[in-house]
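One structure is given below, encoded as structure tokens.
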């Protein structure tokens, strides 16, 4: 969501007569831990964490003349950083959707669904011919990876996203060779599947990282999309004692109807030095962005809107 910096900073940037290139180059703060972004330091002492965060932000000014950002943080991480340094501009990002099993079993997943959700699951599985098959992906299995990359490119192209099969194949191979277990779920014949997803195991979670498929004349997937995105991963995870399945961002209502819960995510943008966005604008921006992403009931949203409205008075 870094591109939202354009709207968040537009008034301040105009007032300072900065050119676009003065801020569009972002420096990523924090770090990555497996599949997560965040502010990762070993210390749990608040004073030490504050000191490290201040050093990190100060160093970002030295390294980069433009803005910097923490990306796709959960609410706990975002709230901690904002409590230490409120110069960062909070931007609601696309929520992440999870299926959290009460206990790691397929029965637990199905039991906890509403009757309407169970109907949708039954219909999807019937149309797709049951649960998808799965196998572990090896980084040197070039032929199979190429097939999956073509399916992924089809889906990327359909959504107007970069759709280079070569780059997608490279991504699949990197996931498979990164040391964690990489699993492909597929519908159809193994040598020519109609749909697939790629998931990786990290910690106590199965992370669905990619989906690709063929589409019918009117975009129909005959239940295959839900199968490779949700049902196959849930079944596989439950059979191996994993209770958490991350099914990514987007299509929140589709995922909700199949048992997923959307969890808010935030990007925090550190503006260029001397830039101070208008507080009343930030309050309005956060309210509108949170409504767009379905985060309006987030405690952090309420806190931030109140903070910026009080500042603007």
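Residue numbers (our numbering): 146 to 458. Ideal placement from N, C-alpha and C gives every residue a C-beta, glycine not left out.
Span separating the alpha-carbon of residue i from that of residue j
i: residue 159; j: residue 355; result: Because residue 159 sits at a pLDDT of 49, beneath the cut-off of 50, its placement in the model cannot be relied upon, and the following sentence gives the value as read from the coordinates. Going from the Cα of residue 159 to the Cα of residue 355 covers about 39 Å.
i: residue 369; j: residue 269; result: 8 Å
i: residue 249; j: residue 276; result: 17 Å
i: residue 230; j: residue 280; result: 46 Å
i: residue 146; j: residue 410; result: Residue placement at residue 146 is flagged as unreliable, the pLDDT there being 32, under the threshold of 50; the coordinate-derived value follows with that caveat. Using only the alpha carbons, I get a separation of about 10 Å.
i: residue 456; j: residue 333; result: 58 Å
i: residue 374; j: residue 329; result: 10 Å
i: residue 260; j: residue 266; result: 10 Å
i: residue 232; j: residue 449; result: 12 Å
i: residue 442; j: residue 202; result: 30 Å
i: residue 444; j: residue 228; result: 14 Å
i: residue 440; j: residue 397; result: 12 Å
i: residue 255; j: residue 340; result: 23 Å
i: residue 433; j: residue 337; result: 44 Å
i: residue 359; j: residue 300; result: 8 Å
CB contact flag (residue i, residue j, <8 Å)
i: residue 347; j: residue 317; result: no
i: residue 351; j: residue 390; result: yes
i: residue 414; j: residue 236; result: yes
i: residue 408; j: residue 219; result: yes
i: residue 238; j: residue 412; result: yes
i: residue 422; j: residue 186; result: no
i: residue 405; j: residue 242; result: yes
i: residue 307; j: residue 295; result: no
Residues bridged to residue i [DSSP beta-bridge criterion]
i: residue 329; result: 280, 343
i: residue 399; result: Bridge partners of residue 399: none, in fact.
i: residue 350; result: 347, 389
i: residue 415; result: 213
i: residue 236; result: 412
i: residue 245; result: 389
Residue range of the beta strand (DSSP E) that includes residue i
i: residue 391; result: 389 to 393
i: residue 215; result: 213 to 218
Bounding residues of the alpha helix (DSSP H) (the contiguous stretch that carries residue i)
i: residue 317; result: 310 to 321
i: residue 288; result: 287 to 303
message: Does the segment 414 to 427 come into contact with the segment 379 to 387, if we say contact requires no fewer than three beta-carbon pairs (one atom in each stretch) closer than 8 Å?
response: no
query: Are the segment 375 to 382 and the segment 178 to 197 in contact at 8 Å, needing three or more beta carbon pairs?
result: no
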